[in-house]
Amino acid sequence: IDIQYEGSKEFEASIAIRVEGGDAPDIADLPQPGLLNTLVQTGKVIDLTSVINQDWLKKNYNQSWLDMSMMTNPDGKKIMAGIWARVNGKSLVWYPKKAFDEAGYKIPTTWDEMMALTQQIADDGDTAWCLGIESGAATGWPMTDWVEEVMLRTTSLENYDKWVTGELKFDSPEVRKAMDYITAIWFNDSYVYGGRAAIATTAFGDAPKPMFDNPPKCWLHKQGNFITTFFPEDKVAGVDYDFFYFPPIDPAYGKPVLVAGDIYAMFRDAPEVRAVMQFFSTGASLEGWVKAGGAIAPYKDASLDWYTNTVDRGVAEIIQNASSVRFDGSDLMPSAVGAGSFWKSMTSYVTGSIDLDTALKEIDATWPTK
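Below, the structure written as structure tokens:
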């Protein structure tokens, strides 16, 4: 089968125009499910339920991936709108391994252990957490990841899904509970490098850098696997730094992982297109990229031995061992919220210019009315 690849710098706009105009590609690789959901509303996305062997998909993916590919078409029918390919894990806490081990600190496996470690570091005269949410026009986004992570650990997947679609309000007991867990760390000046006041003015890429001071000025930094590109170039994974899984809170909700990733959708039903989509549901489709580095596979038939660097392998292992996975919530919300009020109101709450009641009500007020 001859595959012609076409990339686009204005991908989001051009794919929407092409699908609407009946000039869709056979297959599109979409960087987020929110965009796919919009395309599903055109009625042009093919339901993969009868295209790809469902028993195979159940065998090769964590059920959560399949749940996240189900979307409602204009007729109100649930369809399998895509298959997941290259993914990233966000539920990671980075630490300066050499100094951490020398200090005798232990990797926490529960939230309570992480809080105890945070207090232990404070008792030793240091601040545990490196936090920074400044990101130009996108300031605030790292905090939205924390809210999503804690929501997954303190309430049901059903509630998380309702929250990202606006059925569960921000001004709800579930979101308030999550905020309590976060602010117990964020708003305690003995836990945060520079204190609460520095969080909104510290660039997200600069936030982890004091970990590498000698001795470290902060010891823990929660961020996705991309953050290593901001680490000092002479630092080596597994030697100077390492990471652990952002720990569970309530055992009832298992070990969820917050993810981002690419999802393939199909627009033309033909044998050769079906064959390529079937291939995209296998580890073999990503093996070369995994071995080259920079790709993490959601597939169960992707071997951990394929990963050539410790970071990718470690993240892949966390994703494979997850009890559930859910996509970044703010990316699923309407952009007025997920790339607007959620960022802004959280930032204002962190700086102390508004209280929690105001922040949550402000976000709810910006949710687009149907």
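The numbering of the sequence shown is this note's numbering, which starts it at 124 and goes up by one.
Even glycine gets a Cβ: it sits at the ideal position worked out from N, Cα and C.
Buried or exposed by the 16-neighbour rule on C-beta atoms within 10 Å, applied to Y128: In the sequence shown, the residue the question calls residue 128 occupies position 5. In this structure Y128 is exposed. Its beta-carbon is surrounded by fewer than 16 other beta-carbon atoms within 10 angstroms.
Tell me, which residues are paired with R449 by DSSP? In the sequence shown, counting from the first residue as 1, residue 449 sits at position 326. For R449, which the question treats as bridged, DSSP gives the partners L381.
Taking the C-alpha atoms as reference points, what is the distance between K450 and D487? To locate residue 450, count along the sequence shown from 1; it is residue 327. To locate residue 487, count along the sequence shown from 1; it is residue 364. In the sequence under discussion, the amino acid at residue 450 is Phe, which differs from the Lys named in the question. Computed Cα separation, rounded: 20 Å.
Can you check the region 150–206 for any alpha helix (DSSP H) of at least 4 residues that lies completely inside it and give the ranges in chain order? If we require 4 residues or more, the alpha helix (DSSP H) runs fully inside the region 150–206 come out as 156–163, 177–183 and 186–191.
Mind reading off the beta-carbon distance from D373 to R276? Whole number of angstroms is fine, and I expect it under 8 Å. The residue labelled residue 373 in the question sits at position 250 within the sequence shown. The residue labelled residue 276 in the question sits at position 153 within the sequence shown. That belief holds up - the Cβ atoms of D373 and R276 are roughly 6 Å apart, short of 8 Å.
Could you check where the alpha helix (DSSP H) with K422 kicks off and where it finishes? On the sequence shown, residue 422 is found 299 positions in, with the first residue counted as 1. It should be noted that the sequence gives Tyr, not Lys, for residue 422. No alpha helix (DSSP H) contains Y422, which DSSP labels as neither H nor E.
Can you tell me the Cα-Cα spacing of A79 and P394, whole angstroms? Residue 79 lies beyond the range of the chain shown here (124 to 493); nothing can be said about it.
Give the range of the alpha helix (DSSP H) segment to which V359 is assigned. Reading the sequence shown from its first residue, position 236 is the one you call residue 359. Unbroken run through V359: none, as it is neither H nor E.
Simplified DSSP state of L483, which is helix, strand or coil: The count along the sequence shown starts at 1 and reaches residue 483 at position 360. L483 falls in the helix class under three-state DSSP.
Hey, how far is the Cα of A222 from the Cα of M194? Along the sequence shown, one-based indexing puts residue 222 at 99. Along the sequence shown, one-based indexing puts residue 194 at 71. Rounded to the nearest angstrom, the two C-alpha atoms are 47 Å apart.
What are the boundary residues of the alpha helix (DSSP H) that L291 is part of? The residue given as residue 291 occupies position 168 in the sequence shown. Where L291 is concerned, there is no enclosing alpha helix (DSSP H), given that its DSSP letter is neither H nor E.
Can you give the beta carbon distance from W217 to F366, rounded, assuming they're within the 8 Å contact cut? Translated into the one-based positions of the sequence shown, residue 217 becomes position 94. Translated into the one-based positions of the sequence shown, residue 366 becomes position 243. At roughly 5 Å, the Cβ-Cβ gap stays under 8 Å, so W217 and F366 are in contact.
Please specify which runs of the alpha helix (DSSP H), each continuous and at least 4 residues long, are wholly inside the region 232–291, giving them in chain order. Counting only runs of 4 or more, we get 234–246, 264–277 and 280–287.
Please report how far the alpha carbon of W207 lies from the alpha carbon of S464, in whole angstroms. Position 84 of the sequence shown holds residue 207. Position 341 of the sequence shown holds residue 464. CA-to-CA, the gap between W207 and S464 works out to about 29 Å.
Through-space distance from N211 to T351, alpha-carbon basis: Numbered from 1 along the sequence shown, position 228 holds the residue referred to as residue 351. Numbered from 1 along the sequence shown, position 88 holds the residue referred to as residue 211. Answer to the nearest angstrom: the Cα atoms are 13 Å apart.
Per DSSP, what kind of secondary structure is W412 in: helix, strand or coil? Numbered from 1 along the sequence shown, position 289 holds the residue referred to as residue 412. Looking at W412 - three-state DSSP - the assignment turns out to be helix.
Nonlocal neighbours in the same chain, by C-beta distance under 7 Å from A245, ignoring five residues either side: Position 122 of the sequence shown holds residue 245. So the qualifying residues of the chain are A251, S313 and Y314.
Assuming V473 is part of the beta strand (DSSP E), what are its boundary residues? As a position in the sequence shown, residue 473 is number 350, starting the count at 1. No beta strand (DSSP E) contains V473, which is instead part of the alpha helix (DSSP H) from F465 to T474.
On the CB-based measure, 16 or more other CB atoms within 10 Å of its CB, does R299 come out buried or exposed? Indexing the sequence shown from 1 puts residue 299 at position 176. Exposed, since its Cβ has fewer than 16 Cβ neighbours within 10 Å.
In chain order, what residues of the same chain have a beta carbon less than 6 Å from the beta carbon of Y316, not counting five sequence neighbours either side? Position 193 of the sequence shown, counting from 1, holds the residue named residue 316. Here the set comprises T250, C253, P333, K340 and C341.
The beta strand (DSSP E) that contains V460, what's its start and end? Translated into positions along the sequence shown, residue 460 becomes position 337. Per DSSP, V460 lies in no beta strand (DSSP E) segment and is marked neither H nor E.
Close-in-space but distant-in-sequence residues of the same chain around I126 (CB under 8 Å, 5 per side omitted): Working through the sequence shown from its first residue, we reach residue 126 at position 3. Cβ within range, chain order: V399.
Contact set for A425: own chain, Cβ-Cβ below 8 Å, skip 5 residues either direction: Position 302 of the sequence shown, counted from the start, is the residue given in the question as residue 425. If you ignore the 5 residues before and after A425, its C-beta comes within less than 8 Å of the C-beta of G406, L409, E410, V413 and A439, all in its own chain and listed in chain order.
If you pair each beta-carbon of the region 266–282 with each one of the region 460–479, do three or more pairs fall below 8 Å? Short answer: they touch.
Looking only at C-alpha atoms, which of G289, G475 and G416 sits nearest to T324? Along the sequence shown, one-based indexing puts residue 324 at 201. For the residues G289, G475 and G416, the minimum Cα distance to T324 belongs to G475.
What would DSSP say about W429, mapped onto helix, strand or coil? Position 306 of the sequence shown holds residue 429. In the structure shown, the three-state DSSP call for W429 is helix.
Check whether the region 381–390 and the region 444–463 touch, using three or more Cβ-Cβ pairs below 8 Å as the test. Verdict: yes, contact present.
In DSSP terms, what M389 is bridged to: Counting from 1 along the sequence shown, the entry for residue 389 is found at position 266. Bridge partners of M389: I150.
With a CB to CB cut of under 6 Å and the five nearest residues on each side skipped, what residues in its chain are close to G205? Counting from 1 along the sequence shown, the entry for residue 205 is found at position 82. If we look at G205 and ignore the five residues flanking it on each side, its Cβ neighbours are L159, S192, I386, Y387 and A388.
Can you tell me whether G227 is helix, strand or coil according to DSSP? Stepping through the sequence shown from its first residue, residue 227 is reached at position 104. Reduced to three states, the DSSP call for G227 is coil.
Exposure label - R209; buried when at least 16 CB within 10 Å: Mapped onto the sequence shown, residue 209 falls at position 86. The residue in question, R209, is buried, as its Cβ has 16 or more Cβ neighbours within 10 Å.
Given a threshold of 16 other Cβ atoms within 10 Å of its Cβ, counted over all protein chains shown, does K345 qualify as buried or as exposed? Numbered from 1 along the sequence shown, position 222 holds the residue referred to as residue 345. Here K345 is buried, its C-beta having at least 16 other C-beta atoms within 10 Å.
Could you give the C-beta distance for L153 and S404, rounded to a whole number, given that I count them as a contact under 8 Å? The residue labelled residue 153 in the question sits at position 30 within the sequence shown. The residue labelled residue 404 in the question sits at position 281 within the sequence shown. Contact annotation, L153 with S404: C-beta distance approximately 15 Å; criterion of less than 8 Å not satisfied.
Leaving out five residues on either side along the sequence, give the residues of the same chain with a beta carbon under 7 Å from the beta carbon of I124. As a first step, residue 124 must be located in the sequence shown, where it is residue number 1. Within the same chain, E395, A398 and V399 come within 7 Å of I124 by CB-CB distance, once the 5 residues on both sides are set aside.
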